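Colleague:
Chains as they are written, first to last, in the numbering used here: chain A, 1 to 142; chain B, 1 to 144.
Following this line, the structure appears as C-alpha cells:
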C-alpha cells in the first residue's frame, strides 16, 4: 500500500517557518536534524498531533551546488509572488479554528465563508505559501 | 529580521483584493497594504504580476460576481453590490464587455460547477478570473 508521508514546501527562513507552523498553526515538530556532513543541511518537518504519520518538510532554498543561484532566485520569487503551491488543511469547525489561529496572530486572507463543499478560509505562511483551512461538508448527491 | 523579497509585499496587496473585494476598496488601499506610493505600487505590481492592480481588483470582482450568478439565485443588483461594485449600470456594462454577454444571459448559460465536481474555491477563483479587456480592445466577440 502506498501512503503519503511527507510533502515539502520551500521557506525563506526555517526558524521563522518553524515558529509559524508550531506556535501559530499548532503543529508538532516531527524532526529537526542538522547534518554537518551535508553542509549543515537541516531536515525540519512538522505535522498535526492527530496525524503522526503525515508531515510537511520545511525546506530552506539551497545554494550552489545543490541549486544554482539563478534557480534559487526564481524559486524565491515564485514563492513570494504566491505561486509555489497550496497546502489544503481540514478542520471539524472552521469558525472555531479561525478564531483560535487569529488569536495567535495568523493574518487570514479569506475569512470563513460558505462554499458548496463546506466552510472555507485561507491564510499564508511567512514565506507566502498559500494555506487553506476547510470544514468539509458531505454533499447530498442530486 | 528575516529577508523577504519585495514581491512578498505586493502579494499582501493582491491578498487584500482577493479577501476584501466586497468592501469599497481601491488601488490606494492596495498600495497602502504593500507600503508603497501609489504610482510606484502600480508599476511594481504590473511588473510582478503582469497586469495593473486596478485590472486585478476589477477582474476579481467580476470573477466573484460570475460565481454568484452561477451558484446562487441572488438578483443581479444583489450580486453587483455584494462583490464591491458601486452601481448596477457600470457593473452590467463591464460584465458584458468582459464576458461577452449580460449577467442574466451568463447565469442562464452556465449551470453550477458544483453539480459536476467539488473543486476548491481557490481553484475556481484562480481559473475563473477573466482576462481584463478595455473598451478599445473590445471587438464584440466572446470571452478571450
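The beta carbon of each residue, even a glycine, is placed where N, CA and C say it ideally should be.
These figures come from a predicted structure and were not determined experimentally.
Here's the rule I'm using: 16 or more other beta-carbon atoms within 10 Å means buried, otherwise exposed. How should residue 63 of chain A be labelled?
Modeller: exposed
Colleague: With DSSP as the reference, label residue 42 of chain B as helix, strand or coil.
Modeller: helix
Colleague: Would you mind sorting residue 134 of chain B into buried or exposed? The rule is 16 or more other CB atoms within 10 Å of its CB.
Modeller: exposed
Colleague: Identify the contact partners of residue 82 of chain A in chain B, using a Cβ-Cβ distance below 8 Å as the criterion.
Modeller: 11, 14, 15
Colleague: What residue range is occupied by the uninterrupted beta strand (DSSP E) comprising residue 134 of chain A?
Modeller: 130-136 is the extent of the beta strand (DSSP E) around residue 134 of chain A.
Colleague: With distances taken between CB atoms, is the gap from residue 115 of chain A to residue 122 of chain A smaller than 8 Å?
Modeller: Remark: C-beta atoms of residue 115 of chain A and residue 122 of chain A do not approach each other more closely than 8 Å.
Colleague: Where does residue 1 of chain A fall in DSSP's three states?
Modeller: coil
Colleague: Residues in the same chain with beta-carbon distance under 6 Å from residue 107 of chain B, minus the five sequence neighbours each way, listed in chain order, please.
Modeller: 69
Colleague: Can you list, in chain order, the residues of its chain whose CB lies under 6 Å from that of residue 140 of chain B, leaving out five sequence neighbours each side?
Modeller: Note that residue 140 of chain B has pLDDT 44, beneath the 50 cutoff, so the model's placement of it is unreliable and the number below is only indicative. There are no such residues.
Colleague: Any beta-carbon of chain B closer than 8 Å to the one on residue 42 of chain A?
Modeller: No, its Cβ sits nowhere closer than 8 Å to a Cβ of chain B.
Colleague: Count the C-beta pairs between the stretch 42-55 of chain B and the stretch 73-85 of chain B that are closer than 8 Å, then say yes if the count reaches three, no if not.
Modeller: no
Colleague: List the residues of chain B whose Cβ lies closer than 7 Å to the Cβ of residue 86 of chain A, in chain order.
Modeller: Chain B residues near residue 86 of chain A: 122.
Colleague: Find the residues of chain B that neighbour residue 120 of chain A, judging by a C-beta separation of less than 9 Å, and give them in chain order.
Modeller: 120, 121, 122
Colleague: For residue 125 of chain A and residue 21 of chain A, I'd like the C-alpha separation in whole angstroms.
Modeller: 8 Å
Colleague: Is residue 112 of chain A close to chain B, meaning its C-beta is less than 8 Å from at least one C-beta of that chain?
Modeller: no
Colleague: Take the Cβ of residue 2 of chain A as the centre, count every other Cβ of all protein chains shown within 10 Å, and call the residue buried at 16 or more, exposed below.
Modeller: exposed
Colleague: Mark residue 89 of chain B as exposed unless 16 or more other C-beta atoms lie within 10 angstroms of its C-beta, in which case mark it buried.
Modeller: exposed
Colleague: Within the 8 Å Cβ cut-off, does residue 132 of chain A reach chain B?
Modeller: Closer than 8 Å: yes.
Colleague: Taking just the CA atoms, how far does residue 117 of chain A sit from residue 44 of chain A?
Modeller: Separation of residue 44 of chain A and residue 117 of chain A (C-alpha to C-alpha, rounded to the nearest whole angstrom) is 33 Å.
Colleague: Measuring straight from C-alpha to C-alpha, what distance separates residue 85 of chain A and residue 132 of chain B?
Modeller: 24 Å
Colleague: Tell me which same chain residues have a C-beta within less than 6 Å of the C-beta of residue 142 of chain B, skipping the five on either side of it?
Modeller: Any reading at residue 142 of chain B must be qualified, since the residue scores a pLDDT of 41, below 50, and its modelled position is unreliable; the value itself is stated next. Within the same chain, 100 come within 6 Å of residue 142 of chain B by CB-CB distance, once the 5 residues on both sides are set aside.
Colleague: Within 8 Å (strictly less), CB to CB, does residue 63 of chain A reach chain B?
Modeller: no
Colleague: For the 8 Å Cβ check, are there 3 or more pairs between the stretch 42-61 of chain A and the stretch 4-16 of chain A?
Modeller: yes
Colleague: Just by C-beta distance, which residues in the stretch 70-81 of chain A are closer than 7 Å to chain B?
Modeller: 76, 77, 80, 81
Colleague: Report the residue from B/120, B/62, B/56 whose alpha carbon sits nearest the alpha carbon of residue 27 of chain B.
Modeller: B/56
Colleague: With DSSP collapsed to three states, give me the class of residue 108 of chain A.
Modeller: strand
Colleague: Run through DSSP, which three-state label would residue 22 of chain B get?
Modeller: In this structure, DSSP gives residue 22 of chain B a state outside helix and strand, which the three-state scheme calls coil.
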